[in-house]
Every structure is written in structure tokens, then in C-alpha cells.
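Only one structure is covered here, and it is reproduced in the block below.
Here you go:
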């Protein structure tokens, strides 16, 4: 949680600087950029949900909602957990014997992306 918080804090400053730079150049450019980010994000989420629905409706019963085997770990998660970039953060120790581990750098990078998007879109009234 701390790695994600640090990353999102840094991302918020980066996103704010991007937005401020665009606003200083032309306020209309800043508004257009914010609208573009919203359109891309919501469009991606809409197409992802549609593809997920179509995939799950074609396969019939069994499996999870994402078309994979029930209870399996997605391939992207396995690849990201396989990266051995220190510091490593342990989690799920209560659910899986020995727990799982993931690089704190990957978690912080995810926080940076979330922070940039939140700052650009004005989440929280910005």
C-alpha cells in the first residue's frame, strides 16, 4: 500500500504539471486534452467490458467471468509476479502457504499511472 501511495503521489504531481503546462499554453488545449483522456479511458473500459461479455457468452458454463479456468491466476499477473526487481513486497500470506510476492517498483509504477490519470481528469474536484 505504501509503494502504491508513493507512486500515486508522484503521479499526481506529474499529471498536475502536464495539465498546468497545457493550461498555460492555451486553456482550450487543456480542456481538449482532458476530454481526450476521458474518451480514451471510457472507450477502453467499454470495449473491454463488451469483449469480456462476448467472450463469456460464447463459452457457455464453467470458468470464471473472464473466460479463464475457475480460480486460476491470469497470465499477466504471473509474469508481473515473476519479475524480481527489489524491493519485493509479500502479500496473500494468510490465503496461500508461503504467500506471493511482487516488485514494489511495479506497484509504484501502477500508482504513478493512476496518479497521472487522476490529476489530469480532476478527480477529487481538481
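Numbering (the numbering used here), first residue to last: 1 to 126. For every residue, glycine included, the Cβ atom is placed at its ideal position computed from N, Cα and C. Source: prediction; values computed, not measured.
Item	Value
Span separating the alpha-carbon of residue 49 from that of residue 55	10 Å
Alpha helix (DSSP H) segments (min. 4 residues) lying fully within the stretch 13-66	27-59
Residue closest to residue 78, alpha-carbon to alpha-carbon, out of 41, 86, 103, 6	103
Span separating the alpha-carbon of residue 115 from that of residue 17	12 Å
Backbone secondary structure at residue 85 - three-state DSSP	coil
Proximal residues to residue 10 (C-beta, below 7 Å), its chain only, five neighbours per side dropped	112, 115
Pair within 9 Å by beta-carbon distance, residue 3 and residue 89	yes
CB of residue 30 within 9 Å of CB of residue 23, strictly	yes
Spatial distance of residue 21 from residue 108 (CA atoms)	24 Å
Beta-carbon gap between residue 7 and residue 110 smaller than 9 Å	yes
Start-to-end residues for the alpha helix (DSSP H) that takes in residue 96	Looking at the DSSP string, residue 96 is not in any alpha helix (DSSP H), and its letter there is neither H nor E.
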